[in-house]
Amino acid sequence: MKLWRYPVISGSIILIFIFLALFGESIAPYPPNEINLSERLLPPFWQGTGSMTHPMGTDMLGRDMLSRIMSGARVSFIVAVLALTLGGLAGTALGIMSGYYGGKVDAILMRAADATLAFPIILLAMLLAIILGPSIQNVVISLGLVLWARYARVIRGEVLSLKERDFVALARVAGASNPRIMFLHLFLNIRSTLLVLLTLQVGWVIIVEASLSFLGAGIPGPSPVWGSMIAKGREYISLAWWIPFFPGFSVALVCLSFNMVGDWLREILDPKLRQVGGGA
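Once you know that position 171 of the sequence shown is 170 in numbering that gives the first Met the number 0, the rest is easy, because the numbers rise by one and skip nothing.
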């Protein structure tokens, strides 16, 4: 077995991210919101007065950066799972319907998808935050409203080619109903595409969630959120570079890892599949 053929490093980073999301708060060395002003702005252990007591240093309120990074993984994980579930289920179902029925159904759904993709996600989330207040629910709804169109577009393209195959014609001859053909025969044949798309979109969701929190339209405090940690830390970047650096590095590392695994899955499962990006 040649390990270079597998995304060992990026896959390991994803597993660590999921582990921290599930157990990070339990194994963190300090409570993520514990304030200790006597230890504020301590540098990482390798710099100056830093020590292994706070390996990544502390922020402007003396909170341990390592504990906040570990705890922040849970928020990003929850948002990614909920948004991808909401947008993925709706987009997959509508994409199958659009590709299978065609005609007016296809035209209406695809124009709705085009309109959705044309609407800036940041603006949509900020509008919801202004109207309803910033919260994890509004972030999930905002992401779900955009994600469904991304899924619908890709799944529709797959269904357009699959519905002309012999197994669909045989299912019709055997008396299978349209819902059975769509959600049994067609769905089972787009699982690979769906898995690749899901993996690629995780990074996009995490980046957008961090961007929204950075702008104040995401998850409010006191929850440790990577995006808001970057936003608050930028005021101290010349004095304490580690405050915005570590959450920013975490976002970049996790998103890059998901994209690399997604590309690997694309090549393994379907070499002809076009990359459907996870960029923000």
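The C-beta atom is built at its ideal place from N, Cα and C for all residues, glycine as well.
At the level of alpha carbons, what is the spacing between residue i and residue j?
{"i": "residue 135", "j": "residue 164", "result": "43 Å"}
{"i": "residue 227", "j": "residue 48", "result": "26 Å"}
{"i": "residue 286", "j": "residue 122", "result": "Nothing about residue 286 can be read from this structure; the chain reaches only from 0 to 279."}
{"i": "residue 30", "j": "residue 193", "result": "38 Å"}
{"i": "residue 279", "j": "residue 199", "result": "Caution applies to residue 279, whose pLDDT of 36 falls short of 50 and renders its modelled position unreliable; the model cannot decide the point."}
{"i": "residue 41", "j": "residue 230", "result": "19 Å"}
{"i": "residue 169", "j": "residue 128", "result": "50 Å"}
{"i": "residue 142", "j": "residue 36", "result": "37 Å"}
{"i": "residue 14", "j": "residue 20", "result": "10 Å"}
{"i": "residue 117", "j": "residue 87", "result": "18 Å"}
{"i": "residue 223", "j": "residue 158", "result": "42 Å"}
{"i": "residue 120", "j": "residue 113", "result": "13 Å"}
{"i": "residue 267", "j": "residue 191", "result": "10 Å"}
{"i": "residue 115", "j": "residue 85", "result": "15 Å"}
{"i": "residue 93", "j": "residue 43", "result": "49 Å"}
{"i": "residue 66", "j": "residue 211", "result": "22 Å"}
Determine the extent of the alpha helix (DSSP H) in which residue i is found, giving its start and end residues.
{"i": "residue 213", "result": "190-214"}
{"i": "residue 84", "result": "64-100"}
{"i": "residue 251", "result": "241-268"}
{"i": "residue 46", "result": "No alpha helix (DSSP H) contains residue 46, which DSSP labels as neither H nor E."}
{"i": "residue 231", "result": "225-232"}
{"i": "residue 26", "result": "7-26"}
With burial defined as no fewer than 16 other Cβ atoms inside 10 Å of the residue's Cβ, what is the status of residue i: buried or exposed?
{"i": "residue 286", "result": "With the chain covering only 0 through 279, there is no way to say anything about residue 286."}
{"i": "residue 5", "result": "exposed"}
{"i": "residue 265", "result": "buried"}
{"i": "residue 76", "result": "buried"}
{"i": "residue 70", "result": "buried"}
{"i": "residue 125", "result": "buried"}
{"i": "residue 236", "result": "exposed"}
{"i": "residue 11", "result": "exposed"}
{"i": "residue 203", "result": "buried"}
{"i": "residue 57", "result": "buried"}
Are residue i and residue j touching if we call contact CB-CB under 8 Å?
{"i": "residue 137", "j": "residue 144", "result": "no"}
{"i": "residue 106", "j": "residue 147", "result": "no"}
{"i": "residue 73", "j": "residue 24", "result": "yes"}
{"i": "residue 97", "j": "residue 151", "result": "yes"}
{"i": "residue 218", "j": "residue 232", "result": "no"}
{"i": "residue 182", "j": "residue 55", "result": "no"}
Please report the Cβ distance between residue i and residue j, rounded to the nearest whole angstrom; I am assuming they are in contact, meaning their Cβ atoms lie under 8 Å.
{"i": "residue 249", "j": "residue 225", "result": "6 Å"}
{"i": "residue 201", "j": "residue 83", "result": "7 Å"}
{"i": "residue 18", "j": "residue 253", "result": "Their Cβ separation, rounded to whole angstroms, is 12 Å, which puts residue 18 and residue 253 out of contact at 8 Å."}
{"i": "residue 78", "j": "residue 208", "result": "5 Å"}
{"i": "residue 196", "j": "residue 161", "result": "Not a contact, Cβ separation roughly 15 Å."}
Quick one: is the Cβ of residue i within less than 7 Å of any heavy atom of the ligand MN?
{"i": "residue 36", "result": "For the ligand MN, the structure offers nothing, since it holds no ligand at all."}
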